[in-house]
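Top to bottom, those sequences are chains A and B.
To convert, take the position in the first sequence, counting from 1, and add 6; that gives my numbering.
To convert, take the position in the second sequence, counting from 1, and add 509; that gives my numbering.
Every residue gets a Cβ at the ideal spot worked out from N, C-alpha and C, and that includes glycine.
Please read these numbers as outputs of a predicted model, since none were measured by experiment.
See below for the structure under consideration.
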Amino acid sequence: DAGITQSPRHKVTETGTPVTLRCHQTENHRYMYWYRQDPGHGLRLIHYSYGVKDTDKGEVSDGYSVSRSKTEDFLLTLESATSSQTSVYFCAIRITEGNSPLHFGNGTRLTVT
Amino acid sequence: GEDVEQSLFLSVREGDSSVINCTYTDSSSTYLYWYKQEPGAGLQLLTYIFSNMDMKQDQRLTVLLNKKDKHLSLRIADTQTGDSAIYFCAEGGDTGRRALTFGSGTRLQVQP
Numbered sequence: 007d008a009g010i011t012q013s014p015r016h017k018v019t020e021t022g023t024p025v026t027l028r029c030h031q032t033e034n035h036r037y038m039y040w041y042r043q044d045p046g047h048g049l050r051l052i053h054y055s056y057g058v059k060d061t062d063k064g065e066v067s068d069g070y071s072v073s074r075s076k077t078e079d080f081l082l083t084l085e086s087a088t089s090s091q092t093s094v095y096f097c098a099i100r101i102t103e104g105n106s107p108l109h110f111g112n113g114t115r116l117t118v119t
Numbered sequence: 510g511e512d513v514e515q516s517l518f519l520s521v522r523e524g525d526s527s528v529i530n531c532t533y534t535d536s537s538s539t540y541l542y543w544y545k546q547e548p549g550a551g552l553q554l555l556t557y558i559f560s561n562m563d564m565k566q567d568q569r570l571t572v573l574l575n576k577k578d579k580h581l582s583l584r585i586a587d588t589q590t591g592d593s594a595i596y597f598c599a600e601g602g603d604t605g606r607r608a609l610t611f612g613s614g615t616r617l618q619v620q621p
């Protein structure tokens with residue numbers, strides 16, 4: 007267990023509303039990532055973070071922002087949700103420096119109506 | 510950019526071997542990974558192989574890497590119904606900053 011908690015686990019929201027998803031880790035790992043999973047696309051990287059206040063964009067970052075004010079929390083915000091953002095969102099962490107696998111949370115299923 | 514491709518579906522009978530294939534484009538990939546996802550769950554790391562290896566075996570799992578053709582395969586021996594899941598291939602470089610690039614996943618269906 008990599009000590010990753012995602013919240014909420016499920017959310018339904020309306021188009022145009024802001025939504026924030028939270029990823030919390032218990033062991034002060036430096037690298038954290040947000041992915042979205044959609045049928046036929048696998049997992050696609052949205053944003054990632056190398057540490058507090060140090061973030062970068064992934065391949066599908068449009069419409070998303072992130073913040074990392076504490077090592078343990080990585081927040082993903084949809085400023086104005088759209089139906090195309092209906093997806094399952096996964097947070098991941100890298101446990102060791104250098105090359106190592108990512109470890110994933112259990113995901114947040116977001117539905118935008 | 511990097512690209513990872515997998516076939517979408519594989520059906521096998523219980524007890525048979527399953528072989529899931531993956532191709533990737535980034536020749537600088539240092540590690541290649543296999544993840545398993547069961548319904549409603551996150552991704553679970555199954556195994557990974559360093560790019561200077563040709564093969565890695567771990568109990569029922571065998572990973573083969575053909576670096577020249579950029580082809581990776583996962584063989585599951587004596588496939589069980591509990592192996593039914595989606596399997597993702599992923600590639601990653603040698604720095605911690607670099608995220609993994611995933612394939613679209615192969616759904617393995619094991620028939621009794």
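Rounded to whole angstroms, the separation of the alpha carbons of Leu-51(A) and Gly-69(A) is 13 Å. Of all residues in the region 99–113 of chain A, only Arg-100, Thr-102, Glu-103, Gly-104, Asn-105, Ser-106, Pro-107, Leu-108, His-109, Phe-110, Gly-111, Asn-112 and Gly-113 come within less than 9 Å of chain B when Cβ atoms are compared, listed by chain position.
The residue from Lys-59(A), Thr-92(A) and Arg-100(A) with its alpha-carbon nearest to that of Thr-32(A) is Arg-100(A).
Distance from the CA of Gly-64(A) to the CA of Ala-608(B), rounded to the nearest whole angstrom, comes to 9 Å. In this structure, Thr-117(A) sits away from Val-25(A), with a CB-CB distance that is not shorter than 7 Å.
Secondary structure note for Val-58(A): it is in no beta strand (DSSP E), with a DSSP letter that is neither H nor E.
Listed by position along chain B, the residues whose Cβ is nearer than 7 Å to that of Tyr-70(A) form an empty set, because the closest Cβ is around 15 Å away.
The beta carbons of Lys-545(B) and Tyr-596(B) sit closer together than 7 Å. Below the 9 Å Cβ cutoff, chain A contributes no neighbours of Gly-591(B), its closest Cβ being approximately 19 Å away. Taking a contact as a CB-CB distance under 8 Å, the pair His-30(A) and Thr-61(A) does not count as one, their CB atoms being some 16 Å apart.
Asp-525(B) has no beta-bridge partner at all, per DSSP. DSSP, reduced to helix, strand and coil, places Asp-68(A) outside both helices and strands of the structure shown, so it counts as coil. In this chain, Ala-608(B) is not harboured by any beta strand (DSSP E), its DSSP state being neither H nor E.
For Tyr-542(B), the chain A residues whose Cβ falls inside 7 Å of its Cβ are Pro-107, in order along the chain. Residue contact check for Gly-9(A) against chain B: no CB pair falls below 7 Å. Beyond the five residues adjoining it in sequence on each side, Leu-84(A) comes within less than 7 Å, by CB distance, of Pro-24, Val-25, Gly-69, Tyr-70 and Gln-91 in the same chain, given in chain order.
Approximately 6 Å separates the beta-carbon atoms of Leu-574(B) and Asp-563(B); this is inside 8 Å, confirming the contact.
Straight-line measurement puts the Cα of Tyr-37(A) at about 27 Å from the Cα of Val-572(B). In the assembly as shown, Pro-107(A) is a buried residue. Its beta-carbon has 16 or more other beta-carbons within 10 Å. Not a single C-beta of chain B is nearer than 7 Å to the C-beta of Gly-22(A). Put simply, of Leu-541(B), Gln-568(B) and Ala-586(B) the residue whose alpha carbon is nearest the alpha carbon of Lys-576(B) is Leu-541(B). For the options Phe-80(A), Arg-15(A), Gln-43(A) and Asn-112(A), the alpha carbon positioned closest to that of Thr-610(B) is the one of Gln-43(A). Chain A has a Cβ within less than 7 Å of the Cβ of Leu-552(B).
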